[in-house]
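To keep things clear, I will list the structure first and then write my remarks on it.
Number of protein chains: 2
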Amino acid sequence: MAEAAGVHPATASRALNPALPGRIGAETTRRVQEAARRLGYTPDPLARGLRTRRSGVVGVVVPDLTNPVIPPIVRGIEEALWAAGRGCLLADTDNDPEREAVHVAQLVARRCEALIVATAARTSPTVAALAAGDVPTVLVTRGVDAVDLPLVAADDAAGVTAAVEHLAGLGHRRIVHLTGPTDLSTTVRRAAAFRAAMARLGLGDDPLVLHGAAFTIRAGARVARELLDRDAGATAILAGNDLIALGCLETLAAAGLRCPADVSIAGHNDMPFVDRLTPPLTTVAIRGHEIGTAAARLVLALLGGDPEAQRHVLLPTELVVRGSTAPPPTG
Amino acid sequence: MAEAAGVHPATASRALNPALPGRIGAETTRRVQEAARRLGYTPDPLARGLRTRRSGVVGVVVPDLTNPVIPPIVRGIEEALWAAGRGCLLADTDNDPEREAVHVAQLVARRCEALIVATAARTSPTVAALAAGDVPTVLVTRGVDAVDLPLVAADDAAGVTAAVEHLAGLGHRRIVHLTGPTDLSTTVRRAAAFRAAMARLGLGDDPLVLHGAAFTIRAGARVARELLDRDAGATAILAGNDLIALGCLETLAAAGLRCPADVSIAGHNDMPFVDRLTPPLTTVAIRGHEIGTAAARLVLALLGGDPEAQRHVLLPTELVVRGSTAPPPTG
DNA sequence: TTGAAAGCGCTAACAA
DNA sequence: TTGTTAGCGCTTTCAA
């Protein structure tokens with residue numbers, strides 16, 4: 607204990623914690639800090655937490671770390687959290703609602719001061735329950751329907767709109783949207799933006815939207831197969847994300863269709879390496895790292911009781927035009 | 607408190623913790639558990655940790671979560687840790703030794719029961735110091751020279767050997783190794799295996815090995831440029847990892863050289879999507895998820911005081927032959 | 001400005 | 001098998 611080396615029992619606590627009730631003598635402060643440094647003293651966060659009811663840890667729940675969209679977000683969160691002296695307890699649900707429930711329960715049981723949840727399905731009872739609990743929670747990318755939890759996400763709608771305008775500008779008129787399951791708010795947001803843009807451009811009030819089982823390559827390949835079977839005559843596909851776009855590419859190639867000569871494809875997220883495919887993928891870039899830092903900052907603001915905190919944050923997206931989109935085949 | 611509802615003060619503790627000194631009556635146990643459930647009681651891990659000196663949390667230090675090699679490893683760690691009732695405190699150093707030092711210090715200060723470190727440079731003083739401390743530490747992929755810490759890694763040497771044999775089998779005789787900085791043990795391991803295989807196959811006792819500044823696309827592109835400038839007449843490149851291979855591909859293409867017609871390239875790690883490049887990359891696949899679970903299990907064994915624990919674990923690798931390797935140009 | 005005393009919620013000894 | 005007592009290391013009243 608630092609007291610032995612320094613002088614007093616719990617005055618040390620005050621000396622080490624600036625701006626607590628009761629100012630401390632300059633000389634005393636110096637002595638305490640000197641002793642602390644000399645003994646390599648670190649306050650025990652467990653004991654402190656036991657007393658202050660704050661663990662200094664934020665729980666972070668992600669759907670799947672091996673989905674390339676996630677790591678930049680987690681890095682952003684992690685950096686901002688550590689910078690604020692908070693730790694980052696990571697939990698991966700593998701997109702399984704049951705594991706989400708288990709992990710959230712464990713994180714709460716571990717007395718996380720707050721939660722950042724990137725796994726929320728629109729109807730997740732686990733996440734909805736969080737809104738009623740007393741653990742501040744911030745959602746990332748995916749929102750829930752039932753309750754109004756703070757949310758940080760990319761402005762997908764703007765990106766999707768830009769993508770549709772880009773395709774229309776190239777001359778495409780039969781554009782379809784191949785996307786993920788409807789229980790994710792991202793799907794709904796992007797699909798709504800797609801429909802709105804199509805209608806506004808006079809390309810149909812009820813354009814074709816096909817939903818795959820997941821935001822994966824495999825699901826993308828299957829839903830593209832479904833599109834081909836319908837023989838809808840689409841000349842351009844707007845994919846719900848890049849993985850679905852990759853699946854589409856696969857199915858198209860297998861069917862002998864060339865991209866972009868026969869069909870244009872645009873994705874969403876600008877995952878790493880999609881610029882190195884043949885053809886390089888046109889896609890809507892999101893700023894994962896910024897989403898992460900914004901989410902962490904929002905959590906910190908909530909913990910700090912900041913009433914100014916913006917509860918809903920939309921970060922800009924940008925359409926990146928590459929080789930997978932081109933004018934439709936003539937005739 | 608559960609006692610009020612049940613009956614006794616600290617008997618509850620025993621009832622909820624099976625296999626503690628002093629058996630508990632069946633009826634009592636039932637009553638306590640019933641009460642705990644009814645009141646939604648969760649033991650406070652902070653208070654428990656304060657008493658038992660165990661936080662239930664393991665610190666995980668990674669070099670860069672956005673490097674595609676890392677996420678599968680972290681997932682493996684995270685799953686095994688949670689399954690054992692431990693949390694996973696994540697810290698990302700962005701490959702910066704200073705941040706490594708800071709993060710390790712913070713994780714230790716937070717009373718992590720153990721550390722899993724995937725950032726170790728061969729000479730890292732931070733990691734070497736850990737060996738002398740009292741926090742059990744397991745290294746992942748990267749080892750340090752000075753001390754003999756437990757290490758879990760892929761059997762790179764076997765993979766590199768297989769890759770060299772593959773290239774030699776295709777008829778290549780002038781094979782070069784383009785890899786990362788020498789301060790990482792992975793570099794050294796792979797380079798040594800490369801030299802040994804080359805010598806054994808009679809392809810030179812001192813084959814060309816060029817070291818880039820990092821395991822990145824950019825460094826790979828630059829080191830490939832260096833190779834071209836030397837005009838070494840290489841017909842095959844064994845890259846230190848897939849990112850370096852991507853950089854090579856880039857430089858080669860810019861120089862008007864075709865892969866694999868003019869130069870074959872093989873990578874290492876089998877990162878996601880390298881099978882979708884043109885040409886698809888021949889590479890040594892490692893099992894990231896298994897590396898993670900093995901590391902976590904080793905940590906748990908160490909924490910459990912298991913004397914049987916294998917301190918050095920090498921996991922199998924597998925050469926995946928794709929389109930980026932072919933026989934050398936004739937003549 | 002500082003000391004003294006109490007207690008956060010739990011578990012480990014010891015006693016019954 | 002259970003109750004009692006004590007204390008983990010810190011912060012926080014309250015008094016000096």
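Protein sequences, first through last, are from chains A and B.
Our numbering applies: residue 607 is where the first sequence begins, and numbers increase by one.
Our numbering applies: residue 607 is where the second sequence begins, and numbers increase by one.
Cβ atoms here follow ideal geometry from the backbone N, Cα and C, with glycine treated the same way.
Practice item. Look at the alpha carbon of G665(B) and the alpha carbon of A641(A), and state the distance between them as a whole number of angstroms. Key: For the purposes of this step, residue 665(B) is taken as residue 59 along the second sequence, with counting starting at 1. For the purposes of this step, residue 641(A) is taken as residue 35 along the first sequence, with counting starting at 1. Approximately 28 Å, taken between the alpha carbons.
Practice item. Tell me whether A820(A) sits in a helix, a strand or coil according to DSSP, three-state version. Key: Counting from 1 along the first sequence, the entry for residue 820(A) is found at position 214. DSSP places A820(A) in coil when its eight states are reduced to three.
Point to revise | Assigned secondary structure, T792(A) (DSSP; H/G/I helix, E/B strand, else coil) | key: Residue 792(A) sits at position 186 when you count from the first residue of the first sequence. Helix, per DSSP.
Exercise for review: Quick one: measure Cβ to Cβ for L844(B) and V766(B), integer angstroms, because I've assumed they're closer than 8 Å.
Suggested key: Your numbering for residue 844(B) matches position 238 in the second sequence. Your numbering for residue 766(B) matches position 160 in the second sequence. Sure, about 7 Å apart at Cβ, within 8 Å.
Exercise for review: Answer with buried or exposed for N875(A), where buried requires no fewer than 16 other C-beta atoms within 10 angstroms of its C-beta.
Suggested key: The count along the first sequence starts at 1 and reaches residue 875(A) at position 269. With 16 or more other Cβ atoms within 10 Å, it is buried.
Exercise for review: Look up C865(A) in the DSSP assignment and say whether it is helix, strand or coil.
Suggested key: Your numbering for residue 865(A) matches position 259 in the first sequence. Three-state DSSP puts C865(A) in coil, outside helix and strand.
**Study point:** chain A contact for C865(B) (CB, 8 Å cutoff)
**Key:** Here residue 865(B) refers to the residue found at position 259 of the second sequence. No, C865(B) does not count as interfacial toward chain A.
Review point. According to the Cβ coordinates, are R692(A) and A726(A) closer than 8 Å?
Key: Looking up residue 692(A) in the first sequence gives position 86. Looking up residue 726(A) in the first sequence gives position 120. Their beta carbons are not under 8 Å apart, which means R692(A) does not touch A726(A) by this criterion.
Review point. Between the Cα of L757(A) and the Cα atoms of G911(A), L908(A) and A901(A), which residue gives the shortest distance?
Key: Locating residue 757(A) in the first sequence gives position 151, counting from the first residue. Residue A901(A) is the option with its Cα nearest to L757(A).
Practice item. Could you spell out the range, first to last residue, of the beta strand (DSSP E) harbouring E924(A)? Key: For the purposes of this step, residue 924(A) is taken as residue 318 along the first sequence, with counting starting at 1. Unbroken beta strand (DSSP E) run through E924(A): E924 to V926.
Practice item. Would you list, in chain order, the members of the stretch 877–888 of chain A that have their beta-carbon closer than 9 Å to a beta-carbon of chain B? Key: M877, P878, F879, V880, R882, L883 and T884
Check your understanding: Who are the Cβ neighbours of L773(B) in its own chain at under 6 Å, not counting the five residues just before and after it?
Key -> Looking up residue 773(B) in the second sequence gives position 167. For L773(B), where only same-chain residues beyond five positions count, the Cβ hits under 6 Å are I781 and A842.
Exercise for review: Taking only beta carbons into account, state which residues of the stretch 782–802 of chain A come closer than 8 Å to chain B, listed in chain order.
Suggested key: none
**Study point:** Complete runs of the alpha helix (DSSP H) confined to the stretch 618–692 of chain A [at least 4 residues]
**Key:** 632–645, 651–658 and 676–689
Point to revise | For H918(A), three-class secondary structure by DSSP | key: Along the first sequence, one-based indexing puts residue 918(A) at 312. In the structure shown, H918(A) sits in a strand (DSSP, three-state: E or B).
Practice item. Figure out for me which residue from T923(A), E924(A) and R903(A) has the closest Cα to the Cα of A915(A). Key: The residue labelled residue 915(A) in the question sits at position 309 within the first sequence. Comparing Cα-Cα distances from A915(A) to each of T923(A), E924(A) and R903(A), the minimum goes to R903(A).
Practice item. Could you check the C-alpha separation between T634(B) and L695(B) for me, to the nearest Å? Key: Counting from one through the second sequence, the residue named residue 634(B) turns up at place 28. Counting from one through the second sequence, the residue named residue 695(B) turns up at place 89. Answer to the nearest angstrom: the Cα atoms are 36 Å apart.
Review point. What residues are listed by DSSP as bridge partners for G873(A)?
Key: Position 267 of the first sequence, counted from the start, is the residue given in the question as residue 873(A). The partner list for G873(A) (beta bridge, DSSP) reads T889(A).
**Study point:** Residue closest to L671(A), alpha-carbon to alpha-carbon, out of A860(B), A734(B), I683(B) and G662(B)
**Key:** On the first sequence, residue 671(A) is found 65 positions in, with the first residue counted as 1. Minimum Cα distance to L671(A) is reached at I683(B).
Check your understanding: Is the CB-CB distance between A851(B) and G873(B) below 8 Å?
Key -> Counting from one through the second sequence, the residue named residue 851(B) turns up at place 245. Counting from one through the second sequence, the residue named residue 873(B) turns up at place 267. Yes, the Cβ-Cβ distance between A851(B) and G873(B) is below 8 Å.
**Study point:** C-alpha distance - V869(A) paired with V829(A), whole-angstrom precision
**Key:** Locating residue 869(A) in the first sequence gives position 263, where the first residue counts as 1. Locating residue 829(A) in the first sequence gives position 223, where the first residue counts as 1. Near 15 Å, if we compare the C-alpha coordinates of V829(A) and V869(A).
Review point. Buried or exposed: where does R643(B) fall if 16 or more other Cβ atoms within 10 Å of its Cβ makes it buried?
Key: One-based indexing of the second sequence puts residue 643(B) at position 37. Classification of R643(B): exposed, given that the 10 Å Cβ count is below 16.
Point to revise | Contact residues within the stretch 645–661 of chain A, judged by C-beta distance below 7 Å to chain B | key: T648, D650, P651, L652, A653, G655, L656 and S661
Exercise for review: Taking 8 Å as the threshold, find out whether the stretch 736–752 of chain A comes into contact with the stretch 800–807 of chain A through three or more Cβ pairs.
Suggested key: no
Review point. Where does T699(A) fall in DSSP's three states?
Key: Within the first sequence, the letter at position 93 stands for residue 699(A). Three-state DSSP puts T699(A) in coil, outside helix and strand.
Point to revise | Whole-angstrom distance between I676(A) and D702(A), CA atom to CA atom | key: Taking the first sequence and counting its residues from 1, the one referred to as residue 702(A) is at position 96. Taking the first sequence and counting its residues from 1, the one referred to as residue 676(A) is at position 70. One C-alpha to the other measures close to 16 Å.
Exercise for review: Please report how far the alpha carbon of D650(B) lies from the alpha carbon of G655(A), in whole angstroms.
Suggested key: As a first step, residue 650(B) must be located in the second sequence, where it is residue number 44. As a first step, residue 655(A) must be located in the first sequence, where it is residue number 49. Going by the C-alpha atoms only, they are around 10 Å apart.
Review point. Can a CB atom of chain B be found closer than 8 Å to the CB of C694(A)?
Key: Residue 694(A) sits at position 88 when you count from the first residue of the first sequence. Judged by the 8 Å Cβ criterion, C694(A) is in contact with chain B.
Practice item. Please report how far the alpha carbon of A799(B) lies from the alpha carbon of P922(B), in whole angstroms. Key: Within the second sequence, residue 799(B) is the residue found at index 193, counting from 1. Within the second sequence, residue 922(B) is the residue found at index 316, counting from 1. One C-alpha to the other measures close to 15 Å.
Check your understanding: What in chain A is Cβ-close to T822(B), meaning under 9 Å?
Key -> By 1-based counting over the second sequence, the position of residue 822(B) is 216. Near T822(B) there are no residues of chain A at all, since even the closest Cβ is about 12 Å away, more than 9 Å.
**Study point:** G646(A) classed as buried or exposed, judged by whether at least 16 other C-beta atoms fall within 10 angstroms
**Key:** Taking the first residue of the first sequence as 1, we reach residue 646(A) at position 40. G646(A) is exposed by the Cβ-count criterion.
Practice item. Identify which residue in R779(B), A760(B), G662(B) and P674(B) has its Cα closest to the Cα of L721(B). Key: Along the second sequence, read from residue 1 onward, the residue named residue 721(B) stands at position 115. L721(B) has its Cα closest to that of G662(B), out of R779(B), A760(B), G662(B) and P674(B).
Review point. Can you tell me the Cα-Cα spacing of A689(B) and P787(A), whole angstroms?
Key: Walking along the second sequence from the start, residue 689(B) turns up at place 83. Walking along the first sequence from the start, residue 787(A) turns up at place 181. Approximately 29 Å, taken between the alpha carbons.
Review point. Closer than 8 Å, CB to CB, is L671(A) near chain B or not?
Key: Taking the first residue of the first sequence as 1, we reach residue 671(A) at position 65. Yes, its Cβ sits closer than 8 Å to a Cβ of chain B.
**Study point:** Cβ pair R831(A), T857(A) closer than 8 Å
**Key:** If you number the first sequence from 1, residue 831(A) lands on position 225. If you number the first sequence from 1, residue 857(A) lands on position 251. Yes, these two residues count as a Cβ contact at 8 Å.
Exercise for review: Using a Cβ-Cβ cut-off of 8 Å, state whether A715(A) counts as contacting chain B.
Suggested key: Here residue 715(A) corresponds to residue number 109 of the first sequence, with the count starting at 1. Answer yes: the Cβ-Cβ gap between A715(A) and chain B drops below 8 Å somewhere.
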